[in-house]
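A.B. asks:
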Amino acid sequence: MADTAELLFDVGDERLLTIGAVVDRLRTEFPDISVSKLRYLEEQGLVSPRRTKSGYRLYSQDDFNRLVRVLSMQRDEYLPLKVIRRELERSPASTLPSARQGIRKTDLLRAGEGREYTAEEIIQLTGADAGLLDELEDYELVHGRQVSGVRRYTETDAGIVAAAAQLAPLGLRPKNLRVLKTAVDRELGLIEQVLLPSLRSHRPERRREGLEQLDDIVQAATQLRQLLLAREVRRLTGGEAR
């Protein structure tokens, strides 16, 4: 038996972690991780922890590294789980996907200034279908624009489509996701109350200061929202760690 609360077993030179311990270790980098999320990733065939005779999950270091890779690809490249699973099958090594081609995050305040995608490119990259993309545009969750007769979308739009493609099979269609857009609009209203005078100032130094504060506020608000959601998810699941 291991000598710390989070390690359930030492098997030879290998230490195996309980699901609760894995969640605790991942939460620093992935604040919205939860026991239910790990179970879902297992159901999708992305990780296969061992089981004790009584059914408790045990994760090896390889399992943990694989989870970091999965969650990083999902967060940083906006890839649907089925695409991540195919990538893992092609390249099972635990190296992080820094050299992969795909949709990647850009700085929050410059999002959308990178390359643009046609509808066909977004569908191919995200695994979404044309109907879902149309719905997202109808509900103003993405905003395509016509360029030389071709509808084009930003990197931010592509990330939104990828996330929506993961949610659609769970019964969450774009009409349901409008509530998230409404919440963002309310957050923006709060930010405007604080920073609008600075951002509209005629003094360059004050505008620059306002932009720096904007970046800080957005990052802090995003982290706060993730932590609040993680707390409520734990409450919803009763903090189960099996």
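The working numbering puts the first residue of the sequence shown at 155, with every later residue one more than the last.
Backbone N, C-alpha and C define an ideal beta-carbon position, used for all residues, glycine too.
From a predicted model like this one, the values you see are computed outputs, not experimental measurements.
I believe Leu279 touches Ile238 by the beta-carbon criterion, under 8 Å. Please report the beta-carbon distance rounded to the nearest angstrom.
C.D. replies: Actually they do not touch by this definition, with Cβ atoms about 13 Å apart.
A.B. asks: Within 10 angstroms of its Cβ, does Gly392 collect 16 or more other Cβ (buried), or is it exposed?
C.D. replies: Gly392 is exposed by the Cβ-count criterion.
A.B. asks: Any contact between the segment 369-384 and the segment 174-188? By contact I mean 3 or more CB pairs, one from each, below 8 Å.
C.D. replies: Short answer: they touch.
A.B. asks: Would you kindly work out how many angstroms separate the C-alpha atoms of Glu289 and Val304, rounded to a whole number?
C.D. replies: Going from the Cα of Glu289 to the Cα of Val304 covers about 18 Å.
A.B. asks: Drop a sphere of 10 angstroms on the beta-carbon of Leu390, count the other beta-carbons inside from all chains shown, and report buried for 16 or more, exposed for fewer.
C.D. replies: With fewer than 16 other Cβ atoms within 10 Å, it is exposed.
A.B. asks: Between Leu235, Glu197 and Glu291, which has its C-alpha nearest Lys335's C-alpha?
C.D. replies: It is Glu291.
A.B. asks: Once the 5 residues before and after Asp217 are set aside, which same chain residues still bring their CB inside 7 Å of it?
C.D. replies: These residues qualify, in order along the chain: Val201 and Pro203.
A.B. asks: Rounding to the nearest angstrom, what Cα-Cα distance links Val387 and Val301 in this structure?
C.D. replies: The straight-line gap from Cα to Cα measures roughly 42 Å.
A.B. asks: Return the chain-ordered list of same chain residues with a C-beta closer than 7 Å to the C-beta of Thr206, the five sequence neighbours on each side being excluded.
C.D. replies: Cβ neighbours of Thr206 beyond the five flanking positions: Leu212.
A.B. asks: Just mark Val189 as buried or exposed, buried being the case when its beta carbon has 16 or more other beta carbons within 10 Å.
C.D. replies: That one is buried.
A.B. asks: I believe Leu180 touches Ser214 by the beta-carbon criterion, under 8 Å. Please report the beta-carbon distance rounded to the nearest angstrom.
C.D. replies: Contact flag wrong, Cβ pair sits at about 15 Å.
A.B. asks: With Arg220 as the anchor, note down where its alpha helix (DSSP H) starts and where it stops.
C.D. replies: First-last of the alpha helix (DSSP H) with Arg220: Gln215 to Glu231.
A.B. asks: Starting from Leu171, follow the beta strand (DSSP E) in both directions and report where the run begins and ends.
C.D. replies: Looking at the DSSP string, the run of the beta strand (DSSP E) that includes Leu171 is Glu168 to Leu171.
A.B. asks: For a quick check, are the C-beta atoms of Ala318 and Leu286 less than 8 Å apart?
C.D. replies: Yes, these two residues count as a Cβ contact at 8 Å.
A.B. asks: By the three-class DSSP mapping on this structure, what secondary structure does Arg354 have?
C.D. replies: Three-state result, Arg354: coil.
A.B. asks: How would you write the range of the beta strand (DSSP E) that Gln300 sits in, first residue to last?
C.D. replies: Unbroken beta strand (DSSP E) run through Gln300: Arg299 to Val301.
A.B. asks: Going by alpha carbons, who is nearest to Lys236 out of Glu196, Val176, Gln373 and Tyr210?
C.D. replies: Nearest of Glu196, Val176, Gln373 and Tyr210 to Lys236, Cα basis: Glu196.
A.B. asks: Counting only the same chain and skipping the five closest in sequence on each side, list residues whose C-beta sits under 8 Å from that of Ser355.
C.D. replies: Around Ser355: Arg361 and Gly364.
A.B. asks: Arg388 by DSSP, collapsed to three states: which one?
C.D. replies: In this structure, Arg388 counts as helix in the three-state DSSP scheme.
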